[in-house]
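**Q** First to last, the protein sequences are chains A and B. Converting from the first sequence to the numbering used here requires adding 14 to each position, the first position being numbered 1. Converting from the second sequence to the numbering used here requires adding 14 to each position, the first position being numbered 1.
There are 2 protein chains.
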Amino acid sequence: MKIAIPRETALRETRVAATPETVKKYVAMGHAVAVQSGAGVASAIPDTAYAEAGASIAADYAATVDGADVVFKVRAPSAEELPALKDGAAVIALCDPYRNPLLADYAARKLDVYAMELVPRTTRAQAMDVLSSQANIAGYKAVLLAAEYYPRFFPMMMTAAGTVKPARVLILGAGVAGLQAIATAKRLGAVVEAFDVRPVAKEQVESLGGKFVEVPLNEEEKKQAETAGGYAREMSDDYKQRQAALVDKHARNADIVITTALIPGRPAPVLIKPETVAGMKYGAVLVDLAVENGGNCPLSRLNEVVTTDNGVKLVGYGNLAGLVAADASALYARNLLNFAGLILDKEKGYVVNREDDIVAASLVTHAGDVLFGKG
Amino acid sequence: MKIAIPRETALRETRVAATPETVKKYVAMGHAVAVQSGAGVASAIPDTAYAEAGASIAADYAATVDGADVVFKVRAPSAEELPALKDGAAVIALCDPYRNPLLADYAARKLDVYAMELVPRTTRAQAMDVLSSQANIAGYKAVLLAAEYYPRFFPMMMTAAGTVKPARVLILGAGVAGLQAIATAKRLGAVVEAFDVRPVAKEQVESLGGKFVEVPLNEEEKKQAETAGGYAREMSDDYKQRQAALVDKHARNADIVITTALIPGRPAPVLIKPETVAGMKYGAVLVDLAVENGGNCPLSRLNEVVTTDNGVKLVGYGNLAGLVAADASALYARNLLNFAGLILDKEKGYVVNREDDIVAASLVTHAGDVLFGKG
Chain A
15 MKIAIPRETA LRETRVAATP ETVKKYVAMG HAVAVQSGAG VASAIPDTAY AEAGASIAAD
75 YAATVDGADV VFKVRAPSAE ELPALKDGAA VIALCDPYRN PLLADYAARK LDVYAMELVP
135 RTTRAQAMDV LSSQANIAGY KAVLLAAEYY PRFFPMMMTA AGTVKPARVL ILGAGVAGLQ
195 AIATAKRLGA VVEAFDVRPV AKEQVESLGG KFVEVPLNEE EKKQAETAGG YAREMSDDYK
255 QRQAALVDKH ARNADIVITT ALIPGRPAPV LIKPETVAGM KYGAVLVDLA VENGGNCPLS
315 RLNEVVTTDN GVKLVGYGNL AGLVAADASA LYARNLLNFA GLILDKEKGY VVNREDDIVA
375 ASLVTHAGDV LFGKG
Chain B
15 MKIAIPRETA LRETRVAATP ETVKKYVAMG HAVAVQSGAG VASAIPDTAY AEAGASIAAD
75 YAATVDGADV VFKVRAPSAE ELPALKDGAA VIALCDPYRN PLLADYAARK LDVYAMELVP
135 RTTRAQAMDV LSSQANIAGY KAVLLAAEYY PRFFPMMMTA AGTVKPARVL ILGAGVAGLQ
195 AIATAKRLGA VVEAFDVRPV AKEQVESLGG KFVEVPLNEE EKKQAETAGG YAREMSDDYK
255 QRQAALVDKH ARNADIVITT ALIPGRPAPV LIKPETVAGM KYGAVLVDLA VENGGNCPLS
315 RLNEVVTTDN GVKLVGYGNL AGLVAADASA LYARNLLNFA GLILDKEKGY VVNREDDIVA
375 ASLVTHAGDV LFGKG
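1) Taking 8 Å as the threshold (C-beta atoms), are B:Tyr331 and B:Val144 in contact?
2) Cβ of B:Phe167 less than 8 Å from any chain A Cβ?
3) Starting from A:Gly325, find everything on chain B with Cβ-Cβ shorter than 7 Å and list it in chain order.
4) Starting from A:Ser147, find everything on chain B with Cβ-Cβ shorter than 9 Å and list it in chain order.
5) How long is the line joining the alpha carbons of B:Glu369 and B:Pro230, rounded to whole angstroms?
6) In its own chain, which residues sit with a C-beta less than 7 Å from the C-beta of A:Tyr40, not counting the 5 before and 5 after it?
7) Checking contacts by CB at 8 Å: is B:Gln140 closer than that to chain A?
8) Considering only C-alpha positions, which residue in the set B:Ser92, B:Asp302, B:Val88 and B:Ser250 is nearest to B:Val319?
9) Nearest-angstrom Cα distance between B:Ala141 and B:Asn352?
10) With a CB to CB cut of under 6 Å and the five nearest residues on each side skipped, what residues in its chain are close to A:Gly382?
11) I'd like to know whether the C-beta of A:Tyr296 is nearer than 8 Å to at least one C-beta of chain B.
12) When the cut-off is 8 Å and only beta carbons count, does A:Ala24 lie next to chain B?
13) Using only alpha-carbon positions, find the residue among B:Leu337, B:Ala344 and B:Val299 that is nearest to B:Asn324.
14) Mind checking B:Arg21: buried by the 16 CB within 10 Å criterion, or exposed?
15) Kindly give me the distance between the Cβ atoms of A:Ala76 and A:Ala103, rounded to whole angstroms, as I take these residues to be in contact under 8 Å.
16) What is the residue span of the beta strand (DSSP E) that A:Tyr128 lies within?
17) Does any C-beta atom of chain B lie closer than 8 Å to the C-beta of A:Leu385?
18) In chain B, which residues lie with their C-beta within 9 Å of the C-beta of A:Asp143?
19) Helix or strand or just coil, what does DSSP make of A:Val305?
20) Does B:Ala339 have its Cβ less than 8 Å from a Cβ in chain A?
21) May I ask which residues mark the beginning and end of the alpha helix (DSSP H) holding B:Thr78?
22) In angstroms, rounded to a whole number, what distance separates the CA positions of A:Gly44 and A:Met15?
23) Return the chain-ordered list of same chain residues with a C-beta closer than 6 Å to the C-beta of B:Val157, the five sequence neighbours on each side being excluded.
24) Just curious, the alpha helix (DSSP H) that B:Arg266 is in, first and last residue?
25) Quick one: which unbroken beta strand (DSSP E) runs of 3-plus residues sit fully inside the stretch 288 to 353 of chain B? Chain order, please.
26) Kindly indicate which three-state DSSP category B:Asp119 falls into: helix, strand or coil?
27) Can you name the start and end residues of the beta strand (DSSP E) that A:Ala181 belongs to?
28) For a contact defined as C-beta to C-beta under 9 Å, what are the partners of B:Val178 on chain A?
29) Rounded to whole angstroms, how far is the Cβ of A:Ala215 from the Cβ of A:Ala188, which I believe are closer than 8 Å?
30) Would B:Ala161 pass as an interface residue toward chain A - the criterion being a Cβ-Cβ separation below 8 Å?
31) Go ahead and pull the three-state DSSP assignment for B:Ile196.
32) Do you know whose CA, among A:Ala82, A:Leu116 and A:Pro115, lies nearest A:Lys100's CA?
33) Let me know if A:Asn317 comes out buried or exposed under the rule of 16 or more other beta-carbons within 10 Å of its beta-carbon.
34) Is there a C-beta anywhere in chain B that falls below 8 Å from the one on A:Leu158?
35) For B:Val41, which of helix, strand or coil comes out of DSSP?
36) Does any CB atom of chain A fall closer than 8 Å to the CB of B:Gly203?
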């Protein structure tokens with residue numbers, strides 16, 4: 015069976031869907047692997063490393079995917095990338111299913127497209143959980159970006175010229191990205207506070223040395239606060255008002271604010287209002303990890319660093335994981351390798367087992383139908 | 015007495031020679047302080063903060079220094095900045111005395127120019143040691159820059175998608191910058207090795223959790239290795255060969271190399287040869303803190319990031335302390351405040367006490383004479 019690893023074409027996409035480590039494993043299983051020349055360069059993987067792992071290097075996209083049964087990608091195929099794919103091929107990628115306008119085109123080509131974002135967040139699926147692996151990296155990079163734009167030290171420094179205070183970091187949302195941001199900011203010596211609507215986050219925040227900022231909840235809210243899938247859900251207006259006042263107060267005292275709140279399939283919640291930014295310190299930095307989904311701060315701009323009139327820097331880079339390209343690719347490629355175990359059979363080759371809950375959740379087009387949203 | 019704080023005009027100079035904290039102290043001593051509008055903006059200090067501390071805000075450079083007895087600056091006056099200064103004024107700044115072509119011009123204006131780089135590295139002078147305070151920041155920033163360009167995590171990560179190895183960092187030169195780089199890289203979770211020609215550095219490196227890379231020394235070399243002033247001195251050709259072989263070997267195994275070796279008044283020593291860079295890992299990063307003095311690697315380019323054919327990134331930013339502008343200014347301003355105690359007398363105002371060893375060492379022009387190099 016032929017597996018193809020194209021070079022990504024999306025703007026600012028530095029990742030690649032296989033590494034020499036995973037190529038070696040596919041080859042050991044008996045598959046032929048074609049890697050497009052240059053596919054790994056932005057992830058610090060030269061063609062020679064893939065060749066040494068047993069891949070053939072294809073000169074261009076068409077030659078890479080020509081006759082391939084399975085195509086591993088980072089981003090879903092663009093309209094330009096569709097014609098060269100074999101009829102009925104399987105494509106595994108981050109498909110942005112809620113916003114992808116091409117699902118019907120994938121179906122028309124009878125492709126089996128798997129959206130890795132839809133892999134359920136269950137114990138069995140952990141090793142395939144690309145949202146977690148990439149959010150982990152994004153949380154790390156968010157702190158490094160904050161340190162890049164923050165004009166002071168993170169750690170406290172005691173020097174002959176006097177003492178420098180540690181940075182005060184506020185992290186909104188203590189999911190995978192938020193927890194890694196807490197850990198990284200603590201490593202660098204900052205004083206860290208974190209906020210999350212899920213009361214269960216308190217213990218995790220505190221175990222990393224962060225201080226948990228709590229909105230007092232009533233009994234009904236406590237019950238509602240946890241939802242399936244590990245995501246935060248939307249809360250009542252009254253709760254939101256109390257939350258907003260608390261976040262506003264802590265953001266004004268912070269040197270750095272990192273926001274990580276996402277709701278799948280919906281615009282990101284606004285956590286930092288323009289009034290709050292106006293009250294923040296001169297020289298403070300806000301890194302908005304939700305900027306690709308509208309932003310947790312409405313003043314953030316995608317792939318820009320905005321400096322406000324009161325000297326606050328709003329850092330709005332998208333695809334933060336892609337800024338740590340080599341490890342982002344390494345973990346993403348391992349996620350795909352683990353996922354491949356569900357769809358690649360030693361005897362039968364590529365199989366579609368829709369009884370498997372992970373396959374069922376992630377398969378968005380099959381046999382000419384768009385399955386996503388029909389669940 | 016009037017003290018002036020001009021806005022810096024040198025390219026990429028973000029620092030300022032006084033902060034609201036130090037302005038308040040000068041004002042409390044009875045001095046009038048004029049700050050040029052915008053002087054602190056790049057250090058996250060708005061004019062209003064200086065005004066609140068008691069300074070008057072002057073619209074331009076000429077108005078700032080008009081009639082000033084003492085001018086605190088970051089960089090030595092340029093030819094354009096000389097005419098507006100009062101005859102015989104004192105100017106305290108980083109003067110780059112070994113390379114500054116304007117010393118005779120300063121003398122012709124009868125200025126008392128003090129080069130803060132020449133403050134001796136004695137216990138009494140520690141609180142005025144701008145080289146240390148700025149090198150400390152440069153060492154911190156060097157690690158953050160390395161993390162910015164390195165495509166992998168610094169810390170080891172154990173994730174559901176497998177384990178990621180920690181970055182291996184090699185630091186050449188364990189002076190103030192090197193030691194802070196070791197500390198910061200360790201904080202971020204890297205495995206750190208460091209090298210210095212001074213055997214005494216071993217204990218300091220190890221106390222920060224780094225591994226000391228040792229060139230075996232003969233008895234004569236051991237005696238020579240320590241010099242006055244705390245700087246490394248030049249060693250024999252035989253020693254240099256053993257050192258070069260050892261550095262080459264460790265650099266090839268490193269993910270990140272940070273070089274910090276400087277010799278005052280001379281070009282920086284070459285520690286990383288082009289052959290070594292050619293043998294480094296694809297994706298490795300070299301940050302050359304000596305780039306303004308010719309570089310510890312001849313392939314580094316000032317204020318550029320060079321990517322070699324074998325995928326090594328050579329990061330050559332100058333003035334790294336200026337990239338952490340607010341704290342760099344805070345510490346520099348405190349250094350100057352402490353130095354001011356030597357030249358500002360409560361009764362007599364500005365005084366030149368050439369009996370004082372710190373004054374004597376740092377005064378480069380006085381009463382029409384160039385003193386520097388005549389010692």
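Quick reminder that beta carbons are idealized off the backbone N, C-alpha and C, glycines included.
**A** Per the coordinate set shown:
1) no
2) yes
3) Ala58 and Pro60
4) Thr173, Ala174 and Ala175
5) 43 Å
6) Ile17 and Val47
7) yes
8) B:Asp302
9) 6 Å
10) Ala121 and Lys124
11) yes
12) no
13) B:Val299
14) buried
15) About 13 Å; that fails the 8 Å criterion.
16) Asp126 to Ala129
17) no
18) Ala174 and Ala175
19) helix
20) yes
21) Tyr75 to Val79
22) 8 Å
23) Ala195, Thr198 and Ala199
24) Asp251 to Asn267
25) 299 to 302, 319 to 321 and 327 to 329
26) helix
27) First-last for A:Ala181: undefined, no H or E at that position.
28) Asp341, Ala344 and Leu345
29) 4 Å
30) yes
31) helix
32) A:Ala82
33) exposed
34) yes
35) helix
36) yes
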